[in-house]
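In the numbering used here, the protein residues as written are 2 to 58.
For reference, the structure is listed below as structure tokens.
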């Protein structure tokens with residue numbers, strides 16, 4: 002398990018898929034070629050869909 006698993010959510014901006022496991026994000030990027038994935042810290046954020054979320058691309 003990756004240290005960020007279950008603490009972060011990743012949202013693919015290209016197809017609106019959501020992931021809670023780092024390995025799933027890596028697989029998604031490899032399979033689809035999507036590169037615009039936003040990482041949202043679920044500990045520090047009330048909702049990943051508000052404008053004040055932390056984005057680490």
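All residues carry an ideal CB built from backbone N, CA and C; glycine is no exception.
Check	Outcome
When you compare each of 30, 44, 42 to residue 15 by their alpha carbons, which one comes out closest?	30
Between the Cα of residue 18 and the Cα atoms of 33, 45, 6, 8, which residue gives the shortest distance?	33
Please report the residue range of the beta strand (DSSP E) in which residue 30 lies.	Per DSSP, residue 30 belongs to no beta strand (DSSP E); it is in the alpha helix (DSSP H), 23–33.
Determine the direct distance from the alpha carbon of residue 35 to that of residue 23, and round the result to whole angstroms.	15 angstroms
Considering residue 10, what are the terminal residues of the beta strand (DSSP E) in which it resides?	9–13
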